[in-house]
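Number of protein chains: 4
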Amino acid sequence: MNSFGKIFRLTSFGESHGVAIGGVIDGCPAGLKIDIKLIQADLDRRKPGQSHITTSRQESDCVEILSGIFNGVTTGTPIGFMIKNKDQHSGDYSNLKDLYRPSHADFTYDQKYGVRDYRGGGRSSARETIARVVAGSVAKQMLAGLGIKIQAFVSRVGEIELEKSYRDLDLDSTESNIVRCPDSETAGRMIQRIEEAGRNHDTVGGVITGVVSGVPAGWGEPVFNKLHADLGFAMLGINAVKGFEYGSGFEGTKLSGSQHNDIFIPTGEGIKTLTNHSGGVQGGISNGEDIYWKVAFKPIATLLKEQNTVDVHGNEAVVNVQGRHDPCVLPRAVPIVEAMAALVLADHCLLSRVSKL
Amino acid sequence: MNSFGKIFRLTSFGESHGVAIGGVIDGCPAGLKIDIKLIQADLDRRKPGQSHITTSRQESDCVEILSGIFNGVTTGTPIGFMIKNKDQHSGDYSNLKDLYRPSHADFTYDQKYGVRDYRGGGRSSARETIARVVAGSVAKQMLAGLGIKIQAFVSRVGEIELEKSYRDLDLDSTESNIVRCPDSETAGRMIQRIEEAGRNHDTVGGVITGVVSGVPAGWGEPVFNKLHADLGFAMLGINAVKGFEYGSGFEGTKLSGSQHNDIFIPTGEGIKTLTNHSGGVQGGISNGEDIYWKVAFKPIATLLKEQNTVDVHGNEAVVNVQGRHDPCVLPRAVPIVEAMAALVLADHCLLSRVSKL
Amino acid sequence: MNSFGKIFRLTSFGESHGVAIGGVIDGCPAGLKIDIKLIQADLDRRKPGQSHITTSRQESDCVEILSGIFNGVTTGTPIGFMIKNKDQHSGDYSNLKDLYRPSHADFTYDQKYGVRDYRGGGRSSARETIARVVAGSVAKQMLAGLGIKIQAFVSRVGEIELEKSYRDLDLDSTESNIVRCPDSETAGRMIQRIEEAGRNHDTVGGVITGVVSGVPAGWGEPVFNKLHADLGFAMLGINAVKGFEYGSGFEGTKLSGSQHNDIFIPTGEGIKTLTNHSGGVQGGISNGEDIYWKVAFKPIATLLKEQNTVDVHGNEAVVNVQGRHDPCVLPRAVPIVEAMAALVLADHCLLSRVSKL
Amino acid sequence: MNSFGKIFRLTSFGESHGVAIGGVIDGCPAGLKIDIKLIQADLDRRKPGQSHITTSRQESDCVEILSGIFNGVTTGTPIGFMIKNKDQHSGDYSNLKDLYRPSHADFTYDQKYGVRDYRGGGRSSARETIARVVAGSVAKQMLAGLGIKIQAFVSRVGEIELEKSYRDLDLDSTESNIVRCPDSETAGRMIQRIEEAGRNHDTVGGVITGVVSGVPAGWGEPVFNKLHADLGFAMLGINAVKGFEYGSGFEGTKLSGSQHNDIFIPTGEGIKTLTNHSGGVQGGISNGEDIYWKVAFKPIATLLKEQNTVDVHGNEAVVNVQGRHDPCVLPRAVPIVEAMAALVLADHCLLSRVSKL
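Protein chains in written order, with the numbering used here: chain A, 3 to 359; chain B, 3 to 359; chain C, 3 to 359; chain D, 3 to 359.
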């Protein structure tokens, strides 16, 4: 199922080595001024080849808007868009046609569909996230007009963890280094860890933290579409993600209730909370505090060394992937995390308009 | 939004102190033999008052089927059901009418809807999960016919953790103790920890682990409705949940790719994997291995002691909840985790029928 | 599929001779004052036994609200409701268990589901529309607050046609006669026609006209959910409906474009049209003029006389239905037509809030 | 809302004079062999300039498949496609920027969205139906493999009516004349009627009949998504449509029940009906007989002569459209009617797979 969202809704298409990746954004309100350069900037943060710790594939990933924007403003009609695939070495993959790469989607796609576009993982490739970044960038522009800011950063690579809270960091500095960690010392160690993985023809996982400020109280649709449930659903749908937690998360479950509860206090700007273990969401609805969460990314399954596996006939085989691949997905996944959060929030922004008479 | 699922779909209704909790199961295939006693058994596992470590409220929670089942068999038409609310002491809550309890949904519901049923938390009460347990029990009966078994258990209470893998446990023994931990020694320590919290008029959180065996390869709907994304969405929608991880989860992100990849091996029963860091899901589609995950539950926000807070007018206030409340939600949440997993799997079971020509 | 609507959404359940008919209204905005007596009044317009030209079955059809309304006001949470089935003579139907009644749903339900609740048609009975009337009555109350009035009336019974336009009728007089035709002379002839059908143990069909005034310009969701397309979908889902047209309808297709176009004119109250062949909808979006349409109802298939048919084994058989049945569904279908229109309009009212920034 | 269908689902985009018209087909089963030439052939039946009774605009309308098909076979992933807009004379429309054309969507789009792409009607242009024809053609190819044949034809132009039943016509001859009426004598008179309208700079409406053979018993999803309700919804969403009826339709409501009922008879090929007033659908579910229906198309609103109107400021104005326009939409709408029927049936085909255990 390739649609995301209830009102503000992305439907995406495209395989790694097909003609194009693209999508349709339906439900974007009319009257939104769109800056294509901001969309392209987010795509550039996602694109391969942007630094020596990412794959050296050069994908230009230029977005073409096909509909829905007239004289720079959304018209309320669907926004079709497309990014043509270029510089794709399909030949790299012909030797994988009959093999199931370990911990990839090759086997499961064949089991589900009985047929598979084996070139670069086809639809299961992370190139698919290009469409998410485009749609998320449109959503960001809508939310920015409401004073809402969405920022993600790499908070762990392998065992190298950024120990500080996001509150003690300058999130605007995230883009100042290639690993997208807003603490230069930790960033340096993360980069070394990724370089080490690359030298070993191996890969490394980690954690991305997301933070949203400026969301007013009242967004979220219990009982099933709680704001954090939709956010978690969005994150878990990103390639390689293995876990999601928000607010105090897994660690917070070790606290007692009297430690964990966020005490309400009256302030000049309305009701606030002393602490924010709730992560800005209570009962599935935003309470006006910062929303923050963590996303776990597994180490990428594509290794540039021999691995045992089976072929499509069920026989033992050896797979040896060539080509240009990332040793660590985290730096390029930062804009994807932001994009998916933006889609969730844009949707709930619109849904919040129909809660009351 | 109070509907869950795409084909096999629950729509639920009901407040804690309203007339009834109930729902409609739409899309359950015709021809399924339903044993009402099994539904009631799951409700009894969720009900309060079942042991000294749960609330002493006596809620009988008897399910009444209103439609959709004829001569014990589903007819393909919607299954309406209802559980009448009884033994509800609305008076307990009249003093909470003008207060926002810390880390509850009182404040956010008021912000969203401008009106609130303050009796026992209204719709935000965990009594709402009764409808999930009923629908999940129907889903379980459908899945059982396919050889699919869903089992959850308490794997951590506060800091008391069950260190063993689910593979080294007898999950059929989970129901043999009141905390629902399939290791009697750990269960004993967990019970002590809950008793301690109760004595302190405090609460404690923890973790539930879920395991599903018997799911064939090929279930899941990428790119957005990956099997684990729908599962995470389901879990995050349960009251008090703060996090979700599947397979190797957050810890697995510390491994290198060569450690984390699950090597395929040919076996007499088809293609299997040597390890299962993937948690039975690859590329968002089941691969035939066990599916397992963890869910983080925060300590319950309702404390039987004084807390500072604000009232609905924004003034400082003190809240002092009376009544009968759980010091720990974990034991009663086990059937809820199972129910939500069952709903996800029943839905994907049906969706898997339309993947191929 | 038993849910209707996108934001304002009814999910219904219940069979003719089951425990209850009911439903869940999800997405009704919070803060709406609900008058249960108005709901009951609409149910009473639908109920059997209300006059000598309808079936003499006495169904009290009392609505019970189970959730979602607190102190007389909607809370934004789902409104569960139920109407218990009483005075049902299941025995009347035991002889139909093995027969397929002509032009009923007996055969097709068996083909689709492989199992069937044969008592009174089960889910295919028009008793199912009770849930629509309840939800529609809630929607009407929301729309009334916006100055929107929904009125339907019987405009043809068999060949007896009300020739006047709705503009030349006093629609408030519709309830003044038992056939619900706002022209007393025509009503008299219609009643005679229905009495004649009853005497012949036969049935008769006809047409209901619906009119809505007060809808502002701007409601409707092209390209697929055009306002008239959703309205037509709603009408075609009512039992026994065979056709739908709006505005100039089928007859209007005989006009030339220069005759058919509705010329815009400036007025003190904004832009209006000289004529209204468009039926208040242009390009799928309301233009502020009256919305009007016609719905064709076939003669009821249940005849109180012998008919040839086949049994469930495929053998020739004779069916001879006993019991109390309407010779004409039209008078009782008037509130159903209104209810379905109300559901469509309430939904589009809410959707119209998210069209623009 | 620009998505159609529940499982087999088209999401479309594009304006008349934008970069491209296109869409995404999600939920098409894997393993379907696609013949692009058949898609192009359906587009050619819809395209302008195909005869002297249609507009002389030359739109090549070449479909480009962007994803979802690999080696000529669907992979189960979304099928993205696009048709570039060419030969669009935007200049033709600059004089319409400030005018509301009578009975067009100009006024209502402005009311709804507050902004409008005025070039050629933007999204409200019938060029949008290109995406429907592409998706419908894919659906047709899926259905053809099941022995299902979908055929539409022009059965009335203005007052010129084809009196014969579809059963007495050779529907394969529909394409033998430019008006797409399978009776050459009537076709001749229809063509004259359209020529006459064109000479008068006027337009003419009419009726299209659709027929589907080969649908097995058991498709349709009561109570709301009855097969004919989804079909009617599909038809009413096509530009210029004012009405829909199936089976005996409006005329059938004049019959008595004993005349109208379709008597079941046992045959060597299973249970059939003697007559087919039901139009192949009973209780919202197909019964195995032919499905047939009629669709009313109003005369096109674009006239090549002066008309009074108002401008966007609410002042009186005169509109005088230039350019190349059809005097009658019927011949080109035939493949659109077929396409929308195919989408409905493909969706219900897949839904029918989940009705029973």
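Beta carbons: idealized from backbone N, C-alpha and C, even for Gly.
- Assignment of beta-bridge partners to A/Leu101 by DSSP yields A/Asp313.
- Taking A/Lys274 as the centre and dropping the five residues before and after it, the same chain places the C-beta of Ile267 closer than 6 Å to its C-beta, in chain order.
- Membership of C/Lys274 in the beta strand (DSSP E) is indicated by the continuous run 272-275.
- Nearest CB-CB separation between A/Arg11 and chain C: not below the 8 Å threshold.
- With 16 or more other CB atoms across the displayed protein chains lying within 10 angstroms of its CB, D/Leu347 is buried.
- Take A/Arg158, set aside five residues on each side of it, and the residues of its chain with a beta-carbon closer than 7 Å to its own are Leu164, Gly208, Val209, in chain order.
- Remark: C-beta atoms of A/Val140 and A/Ile27 approach each other more closely than 8 Å.
- Look at the beta carbons and you see the stretch 69-81 of chain D touching the stretch 28-41 of chain D: at least three pairs across the two are nearer than 8 Å.
- Each residue's CA atom was taken as its position, placing A/Pro50 and A/Tyr120 some 20 Å apart.
- Not one beta carbon of chain D lies nearer than 8 Å to the beta carbon of B/Pro268.
- For the stretch 238-266 of chain A, the beta-carbon criterion of a distance under 7 Å to any beta-carbon of chain B is satisfied by Leu238, Gly239, Lys244, Gly245, Phe246, Glu247, Tyr248, Gly249, Ser250, Gly251, Phe252, Gly254, Thr255, Lys256, Leu257, Ser258, Gly259, Ser260, His262, Asn263, Asp264, Ile265, Phe266.
- DSSP places D/Gly82 in the strand class (E or B) of the three-state scheme.
- Per DSSP, the unbroken beta strand (DSSP E) holding A/Val156 starts and ends at 151-159.
- Around B/Ala154, no beta-carbon contact reaches into chain D at under 7 Å, the shortest distance being about 25 Å.
- The Cβ-Cβ distance between A/Ala128 and A/Gly25 does not fall below 8 Å.
- For the stretch 27-38 of chain C, the residues whose beta carbon sits under 8 Å from a beta carbon of chain A are, in order, Gly29, Pro31, Ala32, Gly33, Leu34.
- DSSP places B/Tyr294 in the strand class (E or B) of the three-state scheme.
- If you ignore the 5 residues before and after C/Val283, its C-beta comes within less than 6 Å of the C-beta of Leu229, His230, all in its own chain and listed in chain order.
- Contact between the stretch 192-206 of chain A and the stretch 247-266 of chain A is absent: fewer than 3 CB-CB pairs across the two stretches fall below 8 Å.
- The alpha-carbon separation between A/Val336 and A/Asn241 amounts to approximately 12 Å.
- Within chain C, the residues Lys114, Tyr115 have their CB atoms less than 7 Å from the CB of D/Ser357, given in chain order.
- For A/Ser215, the three-state secondary structure derived from DSSP is strand.
- Annotation note: the stretch 178-259 of chain C contains the following uninterrupted beta strand (DSSP E) runs of length 3 or greater, listed N- to C-terminal: 208-215, 243-248.
- Measuring C-alpha to C-alpha distances from D/Val314 to each of D/Glu271, D/Asp100, D/Asp264 identifies D/Asp100 as the nearest.
- Residue-level contact by beta carbon holds for A/Ser5 and chain D, with a gap shorter than 8 Å.
- Assigned with DSSP and collapsed to three states, C/Val356 falls in helix.
- Within 9 Å of the CB of A/Gly16, the CB atoms of chain D belong to Leu68, Ser69, Gly70, Thr79, Pro80, Gly82, in sequence order along the chain.
- Flagged as an interface residue toward chain D: C/Val206, by a C-beta distance shorter than 8 Å.
- Under the DSSP definition of a beta bridge, B/Phe15 partners with B/Gly24.
- Assigned with DSSP and collapsed to three states, B/Thr76 falls in strand.
- Excluding its 5 nearest sequence neighbours in each direction, D/Leu173 has C-beta neighbours in its own chain below 8 Å: Gln153, Phe155, Pro184, Val213, listed in chain order.
- At least 8 Å separates the CB of B/Arg182 from every CB of chain A.
- Taking the beta carbon of B/Leu352 as reference, the chain D residues within 9 Å of it are Arg355, Val356, listed in sequence order.
- At least 8 Å separates the CB of A/Ala344 from every CB of chain D.
- Check the Cα spacing between D/Cys351 and each of C/Asn4, C/Lys114, C/Asn202, C/Lys88: the tightest is with C/Lys114.
- Residue contact with chain A for B/His327: absent (no Cβ-Cβ distance below 8 Å to any residue of chain A).
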